[in-house]
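Number of protein chains: 2
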Amino acid sequence: MKNDFPQNRRLFLQTGTLAAAGWLAGKSLLSSGSALAADRTDTAPDAGDGKRPLKLALASYTLRKFSLEETLAMTRRVGLTAICLKSFHLPLDASEKQIAETRQKVAQAGLTLYGGGVIVLRNREQIDQAFDYAKSAGMKRIIGAPTVETLPLINEKIQQYDIEVAIHNHGPGDKHFPTPDVAYEKIKKFDPRFGLCHDVGHTVRYGKDPVAITEKCADRMLDVHMKDVTSATRKGRATPCGRGVVDIPTLLRALIKTGYKGYLAFEYESDPNDPLPGLAESVGYVRGVLDTL
Amino acid sequence: MKNDFPQNRRLFLQTGTLAAAGWLAGKSLLSSGSALAADRTDTAPDAGDGKRPLKLALASYTLRKFSLEETLAMTRRVGLTAICLKSFHLPLDASEKQIAETRQKVAQAGLTLYGGGVIVLRNREQIDQAFDYAKSAGMKRIIGAPTVETLPLINEKIQQYDIEVAIHNHGPGDKHFPTPDVAYEKIKKFDPRFGLCHDVGHTVRYGKDPVAITEKCADRMLDVHMKDVTSATRKGRATPCGRGVVDIPTLLRALIKTGYKGYLAFEYESDPNDPLPGLAESVGYVRGVLDTL
Chain A
0 MKNDFPQNRR
10 LFLQTGTLAA
20 AGWLAGKSLL
30 SSGSALAADR
40 TDTAPDAGDG
50 KRPLKLALAS
60 YTLRKFSLEE
70 TLAMTRRVGL
80 TAICLKSFHL
90 PLDASEKQIA
100 ETRQKVAQAG
110 LTLYGGGVIV
120 LRNREQIDQA
130 FDYAKSAGMK
140 RIIGAPTVET
150 LPLINEKIQQ
160 YDIEVAIHNH
170 GPGDKHFPTP
180 DVAYEKIKKF
190 DPRFGLCHDV
200 GHTVRYGKDP
210 VAITEKCADR
220 MLDVHMKDVT
230 SATRKGRATP
240 CGRGVVDIPT
250 LLRALIKTGY
260 KGYLAFEYES
270 DPNDPLPGLA
280 ESVGYVRGVL
290 DTL
Chain B
0 MKNDFPQNRR
10 LFLQTGTLAA
20 AGWLAGKSLL
30 SSGSALAADR
40 TDTAPDAGDG
50 KRPLKLALAS
60 YTLRKFSLEE
70 TLAMTRRVGL
80 TAICLKSFHL
90 PLDASEKQIA
100 ETRQKVAQAG
110 LTLYGGGVIV
120 LRNREQIDQA
130 FDYAKSAGMK
140 RIIGAPTVET
150 LPLINEKIQQ
160 YDIEVAIHNH
170 GPGDKHFPTP
180 DVAYEKIKKF
190 DPRFGLCHDV
200 GHTVRYGKDP
210 VAITEKCADR
220 MLDVHMKDVT
230 SATRKGRATP
240 CGRGVVDIPT
250 LLRALIKTGY
260 KGYLAFEYES
270 DPNDPLPGLA
280 ESVGYVRGVL
290 DTL
């Protein structure tokens with residue numbers, strides 16, 4: 000009901016869907032920079048995540064149809080303070096100058112640029128490029144899609160660059176690493192900075208239990224792609240967290256219990272042209288779980 | 000990361016922000032009806048709320064800048080299955096024909112039209128109109144803003160129409176019923192269908208404990224306006240659930256423990272021109288809490 004709250008109090012809060020609207024209209028309402036200027040961009044909005052037992056972030060594949068500026072604005076809008084950039088927002092062949100500009104934009108938005116990916120790491124050229132890219136961008140972690148054959152080379156580069164690599168599992172159809180436990184067996188002998196990015200949705204779509212995998216692979220768990228899916232089969236589709244079949248409270252309990260220190264990176268794959276509501280619902284759901292555990 | 004999920008699987012899922020985009024462009028993308036037609040509208044999308052211990056709904060004041068059609072689409076998009084209509088979406092002086100059409104549209108969207116309000120009930124004319132309106136619309140409950148003086152007349156009408164009235168508290172600045180416990184004392188002697196709509200945000204802004212009020216007033220609790228606020232003072236502003244100072248897990252535990260059977264109706268007051276992300280985050284948060292209690 001009508002009240003005396005200051006309405007519309009921060010222009011910035013509007014930018015998410017304004018960005019979508021601008022995108023739909025074929026132009027970016029953020030391109031003038033005015034929306035960013037309307038808010039303090041040196042610190043991210045406080046949604047209380049600092050007090051929660053797990054760190055939250057965005058996997059920017061979620062916003063693959065949007066510009067970097069729009070992506071940063073939407074990330075802030077849902078109150079996330081860290082981001083893993085997909086190549087849509089920072090091309091793998093970006094120049095040093097482009098990388099520096101992007102790094103600065105992320106910092107100015109008050110966000111931590113903690114990683115890049117998912118990046119394919121299936122030959123020497125891709126691997127060399129990825130490590131140089133991550134180093135220039137100040138990323139501490141590459142979320143990667145290697146093959147068994149490229150693991151030794153990647154391990155060398157991890158030691159050379161002091162950059163972590165987390166192998167991303169891709170569920171049914173992924174002949175290399177459908178679930179994290181498959182990758183876990185192959186990297187045990189390598190540097191401890193060689194670990195896993197557990198894509199929870201793909202694990203469930205493969206018919207495996209993400210909680211058991213979280214416990215089994217705890218010492219190599221470096222990143223998590225947080226999502227929900229409509230069924231525990233290859234036909235499972237992405238859906239906002241809390242609507243699908245993933246037992247998220249039990250999963251988050253297991254992550255906390257096993258001392259997980261990485262990010263829960265939201266990767267909301269549906270509604271690519273208008274992902275903000277589904278992303279926001281997912282972030283809200285996980286916060287609700289964390290506040291109740 | 001790119002996967003083999005069917006993307007963009009239901010046009011309907013897009014309609015929320017498309018509606019916002021259309022609104023911003025000065026036209027409704029929903030006006031053709033095509034977006035509604037793209038989805039089954041006889042049942043609401045299943046977000047799993049049927050298995051949760053409290054019923055969720057929308058207080059349509061949240062979407063006061065949007066048409067009825069846009070409002071129904073956005074309500075469905077966040078997976079809510081019940082709605083309380085504010086006068087923006089069904090004017091209090093609507094004709095019988097208008098009311099019948101609206102009732103039909105809500106039903107065709109697969110939603111339960113459980114109530115109307117907040118409706119001012121401060122004189123006989125307003126009270127007569129409200130009960131006739133609610134009866135025609137098939138509403139079981141009026142969320143009302145009466146005065147102490149009009150309570151006896153409202154009580155008579157409740158008995159005559161068999162329609163519940165829930166007094167809405169409005170916090171600081173509300174000279175009649177700032178918090179539910181004030182109203183509770185005044186209605187104890189009246190029909191048990193005369194009860195309360197607990198606006199949690201306004202109670203907190205008044206500096207009172209919504210959990211204690213939930214317990215104290217349990218036998219007259221008919222409706223809840225669910226929200227969060229940035230501080231427990233009159234300066235508190237609306238914010239997505241989970242970001243503010245309201246202890247929502249404890250509140251929901253108290254509602255369940257006291258056997259609350261009504262709705263948690265989301266009333267997200269910020270970002271009136273673009274409320275969908277904040278609403279979605281709030282709905283997600285409450286689902287996360289309910290799934291973890």
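Line order of the protein sequences matches chains A and B.
Residue numbers for the first sequence follow numbering that gives the first Met the number 0, so the first one is 0 and each next one is one higher.
Residue numbers for the second sequence follow numbering that gives the first Met the number 0, so the first one is 0 and each next one is one higher.
In this text, a Cβ means the ideal position worked out from N, Cα and C, and glycines have one as well.
Remember, predicted model here, so these are calculated numbers, not experimental data.
Report the partner residues of residue i according to the DSSP bridge assignment.
i, result
"Arg204 (chain A)", "Beta-bridge pairing links Arg204 (chain A) to no other residue."
"Pro145 (chain B)", "B:Leu120"
"Asp227 (chain B)", "B:Thr238"
"Gly115 (chain B)", "B:Leu84 and B:Ile141"
"Cys216 (chain A)", "In DSSP, Cys216 (chain A) forms no bridge with anything."
"Ala136 (chain A)", "None; Ala136 (chain A) has no bridge partner."
"Leu79 (chain B)", "For Leu79 (chain B), which the question treats as bridged, DSSP gives no partner whatsoever."
"Phe193 (chain B)", "B:Val164"
"Asp222 (chain A)", "A:Cys196 and A:Tyr262"
Going straight from the alpha carbon of residue i to that of residue j, what length do you get?
i, j, result
"Leu251 (chain B)", "Ser59 (chain A)", "33 Å"
"Lys226 (chain A)", "Tyr262 (chain B)", "27 Å"
"Gly109 (chain B)", "Ala99 (chain B)", "16 Å"
"Leu84 (chain A)", "Ser230 (chain B)", "34 Å"
"Asp180 (chain A)", "Thr74 (chain B)", "40 Å"
"Ala72 (chain A)", "Ile157 (chain A)", "32 Å"
"Leu292 (chain B)", "Ala93 (chain B)", "42 Å"
"Val147 (chain A)", "Ala46 (chain B)", "39 Å"
"Leu275 (chain A)", "Ala136 (chain A)", "26 Å"
"Gln97 (chain B)", "Leu221 (chain A)", "57 Å"
"His167 (chain A)", "Tyr183 (chain A)", "11 Å"
"Asp217 (chain B)", "Asp48 (chain B)", "Checking the sequence, you will find Ala at residue 217 (chain B) rather than Asp. Taking the straight line from one Cα to the other gives about 22 Å."
"Thr61 (chain A)", "Glu268 (chain A)", "6 Å"
"Gly235 (chain B)", "Ala279 (chain B)", "21 Å"
"Gly283 (chain A)", "Thr213 (chain A)", "22 Å"
"Lys139 (chain B)", "Gly114 (chain B)", "6 Å"
"Ile153 (chain A)", "Gln125 (chain A)", "10 Å"
"Asp294 (chain B)", "Gly206 (chain B)", "In the structure displayed, chain B extends from 0 to 292; residue 294 (chain B) sits before or after that span and is not available."
"Ile186 (chain B)", "Asp273 (chain B)", "38 Å"
"Gly78 (chain A)", "Ile247 (chain A)", "20 Å"
Thinking just about the alpha-carbon of each residue, which of the options is nearest to the one in residue i?
i, options, result
"Leu91 (chain A)", "A:Val181, A:Asp131 and A:Ala46", "A:Asp131"
"Thr178 (chain B)", "B:Cys196, B:Leu62 and B:Leu67", "B:Cys196"
"Leu67 (chain A)", "A:Ala81, A:Lys104, A:Lys96 and A:Pro44", "A:Lys104"
"Phe270 (chain A)", "A:Val245, A:Val244, A:Val282 and A:Pro239", "Sequence check: residue 270 (chain A) is Asp here, not Phe. Among A:Val245, A:Val244, A:Val282 and A:Pro239, the Cα nearest to that of Asp270 (chain A) belongs to A:Pro239."
"Val203 (chain B)", "B:Gly277, B:Gly194 and B:Gly170", "B:Gly170"
"Ala165 (chain A)", "A:Leu152, A:Ala144, A:Val244 and A:Thr149", "A:Ala144"
"Val119 (chain B)", "B:Ile141, B:Ala136 and B:Tyr113", "B:Ile141"
"Asp190 (chain B)", "B:Cys216, B:Glu163 and B:Asp173", "B:Glu163"
"Gly243 (chain B)", "B:Arg219, B:Arg192 and B:Ser281", "B:Ser281"
"Glu155 (chain B)", "B:Ala106, B:Phe265, B:Asp127 and B:Asn272", "B:Asp127"
"Val245 (chain A)", "B:Asn272, B:Leu254 and B:Gly287", "B:Gly287"
"Val223 (chain B)", "B:Lys188, B:Ala106, B:Ile186 and B:Glu266", "B:Glu266"
"Leu89 (chain B)", "B:Asp208, B:Gly194 and B:Ala133", "B:Ala133"
"Leu112 (chain A)", "A:His201, A:Phe87, A:Lys215 and A:Ala56", "A:Ala56"
Looking at the structure shown, is residue i part of a helix, part of a strand, or coil, going by DSSP?
i, result
"Glu163 (chain B)", "strand"
"Leu57 (chain A)", "strand"
"Leu150 (chain B)", "helix"
"Tyr284 (chain A)", "helix"
"Ala18 (chain B)", "Caution is warranted here: a pLDDT of 39 is assigned to Ala18 (chain B), below 50, making its placement in the model unreliable, and the coordinate value is therefore given only provisionally. Reduced to three states, the DSSP call for Ala18 (chain B) is helix."
"Leu110 (chain B)", "coil"
"Leu263 (chain B)", "strand"
"Leu89 (chain B)", "coil"
"Leu278 (chain B)", "helix"
"Arg63 (chain A)", "coil"
"Asp48 (chain A)", "helix"
"Leu292 (chain B)", "coil"
"Leu254 (chain B)", "helix"
"Asp198 (chain A)", "strand"
"Asp173 (chain A)", "coil"
"Thr70 (chain B)", "helix"
"Arg102 (chain A)", "helix"
"Glu184 (chain B)", "helix"
Please list, in chain order, the chain B residues whose beta carbon lies closer than 8 Å to that of residue i.
i, result
"Gly241 (chain A)", "Ala46, Gly47, Gly283, Arg286, Gly287 and Asp290"
At 7 Å on the CB atoms, spell out the chain B contacts of residue i, in chain order.
i, result
"Glu280 (chain A)", "Val77, Ala279, Glu280, Val282 and Gly283"
Using a cut-off of 9 Å between C-beta atoms, extract the partners of residue i located in chain A.
i, result
"Pro313 (chain B)", "The first residue shown for chain B is 0 and the last is 292, placing residue 313 (chain B) beyond what the model contains."
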